[in-house]
Amino acid sequence: MIYPSKLLPSVFFRLINPNNIRHLNVYLIRHTPNKTNFQAGQIIESSICEQSSHIEDLSLNFYGKYDELDISIDIKQAHKEHFFSVWTPFQRSRRPNEDQFEQDHNRGWYYLPLSKLHLFRVPIENPLYSDFTVTCEVVHKPVRCNFWHVQLRWKDEKGVILSKKAKTWKRTVQTSSKSFIKIHAVDNANGSQSIPLCIIAYSHWNSFKG
Amino acid sequence: MIADLATKAPISYVQDIRDSGTGFYAGAHNIAIGYLSHVPFTNPAENISISENEYLAKVFLSLHDTKPYFHISKYLMPNHTFFKFSEAALENSLVVFNLGDYYNSKEKIETERINRLNIEISETIKTRASKDEELLKFINFRAQDQSLSKIVNFISRLSPKTYNIEITQDYSIYFTLMFSDTTLFLEFFLEKSESEPDFVFLVYSNGNCIANGEGDVDNVSNKLSSIFRAR
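This is the structure we're talking about:
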C-alpha cells in the first residue's frame, strides 16, 4: 500500500482555526484498538483512549479527507519521531515509504462533533481551590505525515492547560474529559460537512481537489 | 393439588433458595416463580424450562444439581409483584415455591429493588476483581475503609434506570448511571492519594454539565444527594 497523499500537508495549506468552522457540521474521528466500541449507544471507557494519560491531550483527526480507511495506518516506532513531529506552515513534507508505516486492521473508530466539543465549558468546583471554568479547545496540530491531526486541550480561564497546572488536577481532568467524550461520542458521522477549501488553503492556490 | 404431592426438598437446598430468594409473584395462586439473579447459570438449556402460564408457574430443575436455581425474565411476567419464599418443594423434577411474604407497597418494592441492585453492582465488581490480582488488592483495601460498600449502597439508593460499571487501566471504577433526564458519571479512584480526591463526579443533562464535584465518599454522597433531591 502507498501512503495516501491526501493526508500529507501541502506547502499551500494553513492552520485551521476551529472557530471558523464551528457553525458547520464537522466531525472529528479517533482510532480505537478494537472494532467494538459502543454498548447501549454509549462509548465504552476503554475505547476512549488506550492510555489514560493520553486523555489530557487526546489526538483526533478532522473527518473528511481523513476517513475510516485511514484509521488502520500507523507509522512504525522507529519513524514516529520524524513523522509525528509538528508540521509548520510552508514546510515541505515527505510521504512515508512502505517500510515506514504499517496497517492494523483490528482498529475501530468513533466520531465527535466539533461544534459540541470546541469551547465547551465545564464549571469545576473544588473545595481546596477557588472554583473556575474549564474550557475544552480543539487545536489543529498537523504533523509531518498527517495534516488533519488535532488535539483536545483543557484550559482554565487564563489559558493554562489543566494537566500542566498542578498534579492535583489529574483526576478531575481525567474524569471530566472521559465523561465529556462519553456524552458526545457517536458511532456515525451522518450529515458531516467538509471543511471549505478557503479555510484550509491560501487563496492563491487552486490546484487542490477538494 | 401440587402441594399435596410435593416432596420436601433437602433443607440446605430450600434454605439456599430462601436466603437469596426474591422474585415475581405469579398471580392469584399460592405459587410463585423465583428470581436468583446473582447465581450464575450453568446449563439452562438442558436443565431448566419455565412455564409461561401466568397462573401456574413451575420450574423444571435437574435434581442432580447441588445448587439448583432458575431465572425468569420480566417479559414472561409483566405484571409482577415482589415476593419472598416461605417454602420450596419438589415434585418429581418440578420445584414449587409457596409464596410467603409478598407485597405491593411502593416502599417495599423499592427497598427490594435497591437491595437487588446493591447485590448486582457488588457482584459485578467482585467478578472483575477475581480476574486481576492487582485490582483485587485495591478492592480489598477499599473494602477496609468501607468506601466501596458505602458508594455501592449510595448508588443503589439513587435507583438509576440503567447503569454501567467499567474498571479502568488506572484501577478506578468508572460508573455511568442513567436516569430519565440526567446522566451521572462517577469515577472512584481506588488508589489512595494524599493530593487528589477519591471520587470525581459530573452530572449531565441534555448534553450540558449541570453539576460536578469531588471528594471522599461522604462528601460526594452528600453533594449528590442534594443535587438529586433538588431535581
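Just so you know, the sequences run in chain order A and B.
Going from the first sequence to the numbering used here is simple: count from 1 and add 35.
Going from the second sequence to the numbering used here is simple: count from 1 and add 200.
Note that beta-carbon positions come from the ideal geometry of N, C-alpha and C, so glycine has one too.
Check: To the nearest angstrom, how far is it from the Cα of A/SER150 to the Cα of A/TYR62?; Outcome: 8 Å
Check: Which same chain residues, not among the five before or five after B/PHE341, have their C-beta less than 8 Å away from its C-beta?; Outcome: LEU390, LYS392
Check: Along the stretch 389–418 of chain B, where does the CB come closer than 7 Å to a CB of chain A? Name the residues.; Outcome: PHE389, SER395, GLU396, PRO397, VAL400, LEU402, TYR404, GLY407, CYS409, ASN412, GLY413, GLU414, GLY415
Check: By DSSP's criteria, B/SER405 is part of a beta bridge. Which residues make up the other side?; Outcome: B/ASN408
Check: Any chance the stretch 175–189 of chain A sits against the stretch 119–127 of chain A, with 3 or more Cβ pairs inside 8 Å?; Outcome: yes
Check: Between B/ILE367 and B/ILE321, which are expected to be in contact by the criterion C-beta below 8 Å, what is the C-beta distance as a whole number of angstroms?; Outcome: Not confirmed; about 13 Å, so no contact.
Check: Nearest chain D C-beta to B/ASN340 closer than 8 Å, yes or no?; Outcome: Given the protein chain composition of this structure (A and B), no chain D is represented.
Check: Got a sec? Which residues, its chain only, sit under 8 Å from B/SER405 by beta carbon, not counting five neighbours each side?; Outcome: ASP381, THR382, THR383
Check: Determine whether the Cβ of A/VAL61 lies closer than 8 Å to any Cβ atom of chain B.; Outcome: no
Check: Using the C-alpha atoms, what's the distance from A/GLU103 back to A/PHE48?; Outcome: 22 Å
Check: Helix, strand or coil, according to DSSP, for A/ALA220 in the structure here?; Outcome: coil
Check: How long is the line joining the alpha carbons of A/CYS84 and A/ILE78, rounded to whole angstroms?; Outcome: 11 Å
Check: Using a Cβ-Cβ cut-off of 8 Å, state whether B/TYR374 counts as contacting chain A.; Outcome: yes
Check: Quick check: A/LYS111 and A/GLN74, are their CB atoms within less than 8 Å of each other?; Outcome: no
Check: Round the Cβ separation of B/TYR371 and A/GLU80 to the nearest angstrom and send it over; I've been treating them as touching at under 8 Å.; Outcome: About 13 Å; that fails the 8 Å criterion.
Check: Give me the subset of the stretch 144–157 of chain A whose CB atoms are less than 9 Å from a CB atom of chain B, sorted by chain position.; Outcome: LYS151, PHE155, ARG156, VAL157
Check: In angstroms, rounded to a whole number, what distance separates the CA positions of A/SER211 and A/PRO131?; Outcome: 36 Å
Check: Please name the residue, chosen from B/GLU396, B/GLU387, B/LEU358, that lies closest to B/PHE379 on a Cα-to-Cα basis.; Outcome: B/LEU358
Check: Short of 6 Å in beta carbon distance, which residues of its chain neighbour A/LYS70, apart from the five on each side in sequence? Order them along the chain.; Outcome: GLY143
Check: Looking at C-alpha atoms only, which residue of A/GLN228, A/CYS233, A/TYR237 is the closest neighbour of A/TYR101?; Outcome: A/GLN228
Check: So B/GLN346 is in the alpha helix (DSSP H); what residue range does that whole segment cover?; Outcome: Premise fails: B/GLN346 is in no alpha helix (DSSP H) and is neither H nor E.
Check: B/VAL400 and A/THR207 look like a contact to me (Cβ under 8 Å); what is the Cβ gap, rounded to whole Å?; Outcome: 5 Å
Check: In angstroms with no decimal places, state the Cα-to-Cα distance between A/HIS66 and B/LEU402.; Outcome: 25 Å
Check: Considering just the uninterrupted stretch of the beta strand (DSSP E) at B/ASN364, what are its terminal residues?; Outcome: 362–367
Check: Less than 8 Å between the C-beta atoms of B/GLY413 and A/ILE218, yes or no?; Outcome: no
Check: Taking 8 Å as the cut-off, decide whether the C-beta atoms of A/TYR146 and A/ASN52 are in contact.; Outcome: no
Check: Give the DSSP bridge partners of A/ASN181, in chain order.; Outcome: A/VAL178
Check: Starting from the beta carbon of A/SER227, find every residue of chain B whose beta carbon is closer than 9 Å, and list them in chain order.; Outcome: Within 9 Å Cβ-Cβ: nothing; A/SER227 doesn't reach chain B, min ~18 Å.
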